[in-house]
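Counting in the working numbering, the first sequence runs from 5 upward without gaps.
Shown next, in structure tokens, is the structure this report addresses.
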Amino acid sequence: MSKIQSVRGTKDIYSSVMRSYNHIINEARLVAELFGYEEASFPIFEKAEVFSRPLGVASDVVSKETYTFEDRGGEKITLRPEGTAGVIRSIISEGKINDLPLRLFYSGPMFRYERPQKGRLRQFFQIGIESIGNHGPLEDAEVISCGARLLKRLGFQRDCVLNINSLGDAESRALYRKSLVDYFSKNLEKLSKLSQSRLSLNPLRILDSKEPQDEEVIFKAPLFSSYLNNLSIDHFEKVKSFLDSSGIEYSHNEKLVRGLDYYSHTTFEFITTRLGSQGTVLGGGRYDGLSEMLGGPSIPAVGFAAGVDRLVMLTANLEENSTILSILPVEEENFEYCYNLLNIFRENDIKCEIFEGGNLSKNLKKISKKNRKLVIIVGDEEIQNKQVILKDLSTGEQIKIQETDILEKINV
RNA sequence: GCGGGUGUAGCUCAGUUGGUUAGAGCGCGAGAUUGUGGCUCUUGAGGUCGCCGGUUCAACUCCGGUCACUCGCCCCA
């Protein structure tokens with residue numbers, strides 16, 4: 005009988021790591037608000053079709069990475085592998101199309117049945133923003149600069165580089181796709197096995213191949229930029245000029261393509277080298293085609309998602325001194341007095357805790373291990389003199405304060 | 001789903017060519033300290049050596065399988 009353990013690819017989060025998660029989510033919320041986003045929350049599971057329709061049944065995400073099951077009513081349910089499809093489903097089913105444009109921020113767990121790796125879990129946390137209802141290039145740039153602002157605020161701007169690309173509109177993409185398929189078909193035998201199989205499924209992905217064998221063929225492949233129509237070129241140029249005037253550095257990476265069909269125009273990724281092969285820390289793009297794939301009207305939208313777990317790995321753990329005030333009776337008989345004190349503190353919004361049992365020495369030891377900073381000690385002598393001892397564990401200093409002065413002397 | 005590495009105490013790790021009672025440091029408990037944590041000293045608890053099977057007189061050690069972690073591939077956050 006082995007010890008019970010957590011499900012593969014999930015993890016438990018405590019104390020300082022938990023603080024890092026909260027810190028990142030809180031900063032993200034703040035930055036999103038700075039850009040006019042409102043927080044919203046969406047179900048972590050949806051009807052399976054919400055993901056299978058837009059992502060395509062053949063896509064990796066749906067065909068092998070999805071947690072799908074039938075519930076007791078026979079409904080096919082999928083645990084969300086990403087946030088965007090659910091948000092658009094909500095816009096359609098809640099009738100929010102009448103309230104557009106909307107800028108929404110959300111955070112929460114996502115689920116993907118993948119082989120776990122550093123920075124890749126089966127349950128992982130994302131924060132994301134979706135700007136829905138704006139078709140102009142300004143919004144693409146706004147979303148990117150929101151991401152840049154967040155990374156800067158978290159102190160990662162030196163660790164991350166921004167890659168951007170344009171996939172053009174549907175017309176440009178169809179044209180390019182055709183020429184790419186033609187080109188790769190002619191050079192089929194030079195391609196790696198992997199890329200050969202990608203040719204029919206997702207030819208754009210070949211550009212992103214890491215097989216050394218493909219390098220030469222890819223190098224000579226037709227460039228997306230020469231197939232963009234005027235509309236698409238104009239859109240992309242404007243995005244870049246907005247980024248320029250916001251002082252955001254980027255490199256145009258023509259090989260940056262997305263696996264999913266509903267993307268159009270701008271795609272981008274902030275990548276770090278500090279996390280090995282799972283280096284994408286924040287990524288997104290425009291997905292004008294998604295709503296129609298879900299049976300809704302045509303709605304333009306842009307957004308990004310960032311992996312909180314990956315951001316946490318870039319963060320030094322936040323070791324804070326606890327602001328919780330500990331109250332310790334010296335003897336059992338002093339407990340009642342301390343308990344009254346505790347209730348008074350809580351009435352006054354002072355975070356506090358009390359210990360019963362054990363001796364003073366042991367309780368002090370436990371408290372100091374938890375990084376508590378302040379402790380109140382009360383024994384017979386103090387009660388007699390209408391005083392309490394206030395001890396600062398970080399300096400070891402302690403003072404006596406009068407019962408009547410306690411509330412004003414304590415600022416936690 | 002595919003390839004490489006790893007798995008010994010709560011944590012980090014030793015453990016000889018297979019040889020009988022499996023170790024260390026840190027952490028944890030008790031005490032030195034019957035009104036004061038951190039430092040020090042004494043002392044104690046804690047392991048079916050990831051799990052299952054095989055080889056052997058004998059397996060933590062060798063072999064096979066399996067599970068988990070990890071590094072790549074795929075894909076993405």
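The beta-carbon is built from N, C-alpha and C at its ideal position, and this holds for glycine as well.
Ordered along the chain, which non-local residues of its own chain (more than five positions away) have a Cβ less than 8 Å from that of residue i?
| i | result |
| --- | --- |
| GLN402 | ILE381, ILE393, LEU394, LYS395, ASP396 |
| ASP212 | LYS259, LEU260, VAL261 |
| PHE109 | ALA32, ARG33, ALA36, GLU37, TYR41, GLU42, GLU43, ALA44, ILE131, GLY132, ILE133 |
| SER189 | LEU203 |
Please go through the same chain and pick out, in chain order, the residues whose beta-carbon is closer than 7 Å to the beta-carbon of residue i, but skip the five residues on each side of it.
| i | result |
| --- | --- |
| ARG314 | GLY123, LEU279, GLN282, VAL285 |
| GLN161 | LEU155 |
| SER229 | GLU258 |
| LEU179 | TYR231 |
| TYR187 | ALA225, PRO226 |
| LEU346 | ILE331, CYS356, ILE358 |
| GLN200 | LEU192 |
| GLU118 | GLU69, ARG124, ARG126 |
What are the residues that DSSP puts in a beta bridge with residue i?
| i | result |
| --- | --- |
| CYS342 | Answer is none; CYS342 lacks a bridge partner. |
| CYS356 | LEU329 |
| LYS114 | Note that residue 114 is Met in the sequence shown here, rather than Lys. Per DSSP, PHE128. |
| SER249 | Note: SER249 sits in no beta bridge, so no partner. |
| GLY311 | GLN130 |
| LEU235 | Bridge partners of LEU235: none, in fact. |
| VAL165 | ILE275 |
| SER255 | ASN167 |
| ILE136 | LEU106, ALA305 |
| ARG376 | SER326 |
| LYS51 | ILE81 |
| LYS15 | According to DSSP, which records beta bridges pairwise, LYS15 is partnered with nothing at all. |
| LYS404 | ILE393 |
| ILE28 | Partner(s): none; ILE28 has no beta bridge. |
| GLN121 | ARG124 |
Does residue i pass the burial test, meaning 16 or more other C-beta atoms within 10 Å, or should it be called exposed?
| i | result |
| --- | --- |
| TYR18 | exposed |
| ARG126 | buried |
| PHE349 | buried |
| GLN304 | The sequence as given places Pro at residue 304; Gln does not occur at that position. Under this definition PRO304 is a buried residue. |
| ALA174 | exposed |
| ARG12 | exposed |
| GLY400 | exposed |
| GLY307 | buried |
| LEU195 | buried |
| LEU378 | buried |
| PHE223 | exposed |
| HIS239 | buried |
| ASP384 | exposed |
| HIS256 | exposed |
| SER398 | exposed |
| THR270 | buried |
| SER302 | exposed |
| LEU235 | exposed |
| ASP16 | exposed |
| ARG84 | buried |
| ASP218 | buried |
| THR327 | exposed |
| ARG461 | For residue 461 there is no data in the structure shown, the boundaries of the chain being 5 and 416. |
| ARG107 | buried |
| SER135 | buried |
| LEU158 | buried |
| MET5 | The pLDDT assigned to MET5 is 39, lower than 50, so where the model puts this residue is not dependable; a value taken from the coordinates is nonetheless given after this. When all chains shown are included, MET5 counts as exposed. |
| ILE8 | exposed |
| LEU411 | exposed |
| GLY361 | exposed |
| LYS182 | exposed |
| THR277 | exposed |
Cutting at 6 Å between CB atoms, please list the residues of its own chain near residue i, excluding the five before and the five after it.
| i | result |
| --- | --- |
| LEU208 | VAL261 |
| GLY287 | GLU273 |
| PRO105 | GLY137, ASN138 |
| TYR267 | LEU171, GLY289, TYR291 |
| GLU407 | LYS390 |
Notebook entry, point to check: Three or more beta-carbon pairs under 8 Å between the stretch 125–143 and the stretch 25–40, yes or no?
Noted result: The stretch 125–143 is in contact with the stretch 25–40.
query: Is it true that the stretch 46–55 meets the stretch 136–144, where meeting means three or more beta-carbon pairs spaced less than 8 Å apart?
result: no
With contact counted as at least three CB pairs below 8 Å, one residue from each stretch, are the stretch 286–297 and the stretch 67–86 in contact? no
- If you pair each beta-carbon of the stretch 246–257 with each one of the stretch 143–153, do three or more pairs fall below 8 Å? With the cut-off at 8 Å, the stretch 246–257 and the stretch 143–153 touch.
Which residue spans inside the stretch 278–307 form an unbroken beta strand (DSSP E) run of at least 3?
-> 284–290
**OP:** State whether the stretch 353–360 contacts the stretch 160–179, with contact taken as three or more CB pairs (one from each stretch) at a distance under 8 Å.
**Re:** Because the criterion of three Cβ pairs below 8 Å is not met, the stretch 353–360 and the stretch 160–179 do not touch.
| query | Taking the runs of the beta strand (DSSP E) that are 3 residues or longer, which of them lie wholly in the stretch 61–112? | reply | Counting only runs of 3 or more, we get 71–74, 80–83.
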